[in-house]
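**Q** Here it is, the structure in full.
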Amino acid sequence: MKIIRMLIDIVMFILMLILMGPHITDNFIHEILGVTTFILFIIHHILNVRYYKTIFKGKYNFTRIFMLVIDIGLFISMLGMMVSSIIISSDVFAFLNIPTSEFGRNLHLASTAWGFFLVAMHICLHLNVLVYKVKNKLKSSNFEYVAYLLLIAVLIYGVYSFIKHKLWEDMFLLTHFKFFDYDQSPILFYLEILSIVILIATITYLIFKFGSRKKAKKSAE
Numbered sequence: 671m672k673i674i675r676m677l678i679d680i681v682m683f684i685l686m687l688i689l690m691g692p693h694i695t696d697n698f699i700h701e702i703l704g705v706t707t708f709i710l711f712i713i714h715h716i717l718n719v720r721y722y723k724t725i726f727k728g729k730y731n732f733t734r735i736f737m738l739v740i741d742i743g744l745f746i747s748m749l750g751m752m753v754s755s756i757i758i759s760s761d762v763f764a765f766l767n768i769p770t771s772e773f774g775r776n777l778h779l780a781s782t783a784w785g786f787f788l789v790a791m792h793i794c795l796h797l798n799v800l801v802y803k804v805k806n807k808l809k810s811s812n813f814e815y816v817a818y819l820l821l822i823a824v825l826i827y828g829v830y831s832f833i834k835h836k837l838w839e840d841m842f843l844l845t846h847f848k849f850f851d852y853d854q855s856p857i858l859f860y861l862e863i864l865s866i867v868i869l870i871a872t873i874t875y876l877i878f879k880f881g882s883r884k885k886a887k888k889s890a891e
């Protein structure tokens, strides 16, 4: 079951990256991939139903609150994407004859941006153990400084990509249209998107670690 959950999460992440480039895929393919992602999202929650049973149990520390806020935000964003996708659909759900509205377009723009942002944070928190193991292995190898230099380079590229794609404008609806560079190489586009994910995940990891240490210090005093 754990392997199945992991495979579903990996496929969902890959689909999320692909869906960030609707100008690269045909609209019909974009909608099909979106529906596939939503189906996997539902399966993901069914397989993790135990998590919901523990929400109102036990004490809440910084770590647990931080993760819960991200999970709730991500769930709301995904619902927003599902609803807005149906409203603005021109292929898969065209038979419903729902008139495309500005509300649907704005909801899709904002929920997609927030969903992307929160997915990156969600991934980081759930890969915390893996990051810890990688860090320990790097410390005992000759590639520690090379790895850190590479990470810094990726983070700088992530900052550049974040500014270039103006993700915050979509998140807070400072713009009502998303413009894409149709002449840009798809590979380069997805590398930029991936670098933004790594940037957000790294910042989340640092916030998570800082908050946990601060809480541990207070408990010790």
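Quick note on my numbering: the sequence shown kicks off at 671 and runs consecutively. Think of the CB as a built atom: it goes at the ideal place given N, C-alpha and C, for glycine as much as any other residue. Since this is a predicted model, take the numbers as computed values, not measurements.
(1) Please state whether DSSP places Tyr-875 in a helix, a strand or coil.
(2) CA-CA distance, His-796 and Leu-820?
(3) Report the CB separation of His-714 from Ile-678 in whole angstroms; it is logged as a contact under 8 Å.
(4) Who are the near neighbours of Val-681 in its chain, counting only those whose CB is closer than 7 Å to its CB and skipping five residues on each side?
(5) I need the straight-line Cα distance from Leu-689 to Ser-747, nearest angstrom please.
(6) Please state whether DSSP places Gly-750 in a helix, a strand or coil.
(7) State the start and end residues of the unbroken alpha helix (DSSP H) segment that holds Asp-761.
(8) If you run the structure through DSSP and keep just helix, strand and coil, what is Met-671?
(9) When we look at the beta-carbon of Phe-850 and count the other beta-carbons within 10 Å, is it buried (16 or more) or exposed?
(10) Below 8 Å, how does it come out for the region 854-870 and the region 824-839: are there three or more Cβ pairs, yes or no?
(11) Quick check: the region 735-744 against the region 800-809, are at least 3 beta-carbon pairs closer than 8 Å?
(12) Between which two residues does the alpha helix (DSSP H) holding His-715 run?
(13) Count the other CB atoms within 10 Å of the CB of Leu-777; is the residue buried (16 or more) or exposed (fewer)?
(14) Could you have a look at Thr-733 and say whether DSSP puts it in helix, strand or coil?
(15) Tell me whether Ser-781 sits in a helix, a strand or coil according to DSSP, three-state version.
(16) Under three-state DSSP, which class holds Gly-881?
(17) Thinking just about the alpha-carbon of each residue, which of Asp-853, Val-705 and Leu-869 is nearest to the one in Ser-759?
(18) Phe-765: which of Ile-756, Phe-773, Lys-848 and Tyr-815 sits nearest, CA to CA?
(19) Can you tell me where the alpha helix (DSSP H) with Met-841 in it begins and where it stops?
(20) With burial defined as no fewer than 16 other Cβ atoms inside 10 Å of the residue's Cβ, what is the status of Met-791: buried or exposed?
(21) Using the Cα positions of Asn-697 and Leu-687, report the straight-line distance between them to the nearest angstrom.
**A** The structure says:
(1) For this step, residue 875 is matched to residue 205 along the sequence shown. Three-state result, Tyr-875: helix.
(2) For the purposes of this step, residue 796 is identified with residue 126 of the sequence shown, where counting begins at 1. For the purposes of this step, residue 820 is identified with residue 150 of the sequence shown, where counting begins at 1. About 23 Å.
(3) In the sequence shown, the residue the question calls residue 714 occupies position 44. In the sequence shown, the residue the question calls residue 678 occupies position 8. Indeed, because the Cβ distance is near 5 Å, the residues count as touching under 8 Å.
(4) Taking the sequence shown and counting its residues from 1, the one referred to as residue 681 is at position 11. Hits under 7 Å: Leu-710.
(5) Residue mapping note: residue 689 aligns to position 19 of the sequence shown, counting from 1. Residue mapping note: residue 747 aligns to position 77 of the sequence shown, counting from 1. If you take the alpha carbons of Leu-689 and Ser-747, they lie about 15 Å apart.
(6) Sequence index remark: in the sequence shown, residue 750 carries index 80 (1-based). In the displayed model, Gly-750 falls within a helix according to three-state DSSP.
(7) Taking the first residue of the sequence shown as position 1, residue 761 is located at position 91. Per DSSP, Asp-761 belongs to no alpha helix (DSSP H) and is neither H nor E.
(8) Locating residue 671 in the sequence shown gives position 1, where the first residue counts as 1. Assignment of Met-671 by DSSP, reduced to helix, strand and coil, places it in the coil class.
(9) Here residue 850 refers to the residue found at position 180 of the sequence shown. Counting the other Cβ atoms within 10 Å of the Cβ of Phe-850 gives fewer than 16, which makes it exposed.
(10) Counting Cβ pairs under 8 Å, three or more are found: they touch.
(11) Fewer than three Cβ pairs drawn from the region 800-809 and the region 735-744 lie within less than 8 Å of each other, which leaves the two stretches out of contact.
(12) Taking the sequence shown and counting its residues from 1, the one referred to as residue 715 is at position 45. In the DSSP annotation of this structure, the continuous segment of the alpha helix (DSSP H) that includes His-715 starts and ends at 697-717.
(13) Locating residue 777 in the sequence shown gives position 107, where the first residue counts as 1. Burial check for Leu-777: the Cβ neighbour count within 10 Å reaches 16 or more, so the residue is buried.
(14) By 1-based counting over the sequence shown, the position of residue 733 is 63. In the structure shown, Thr-733 sits in a helix (DSSP, three-state: H, G or I).
(15) Looking up residue 781 in the sequence shown gives position 111. It is helical.
(16) Counting from 1 along the sequence shown, the entry for residue 881 is found at position 211. Under the three-state reduction of DSSP output, Gly-881 falls in the helix class.
(17) The sequence position of residue 759 within the sequence shown is 89, counting from 1. Comparing alpha carbon positions, the residue from Asp-853, Val-705 and Leu-869 closest to Ser-759 is Val-705.
(18) Position 95 of the sequence shown, counted from the start, is the residue given in the question as residue 765. Selected option, being the one with the closest Cα: Ile-756.
(19) Taking the sequence shown and counting its residues from 1, the one referred to as residue 841 is at position 171. Where Met-841 is concerned, the enclosing alpha helix (DSSP H) stretches over 837-841.
(20) Translated into the one-based positions of the sequence shown, residue 791 becomes position 121. Buried, because 16 or more other Cβ atoms sit within 10 Å of the Cβ of Met-791.
(21) Working through the sequence shown from its first residue, we reach residue 697 at position 27. Working through the sequence shown from its first residue, we reach residue 687 at position 17. Taking C-alpha positions only, Asn-697 is separated from Leu-687 by approximately 15 Å.
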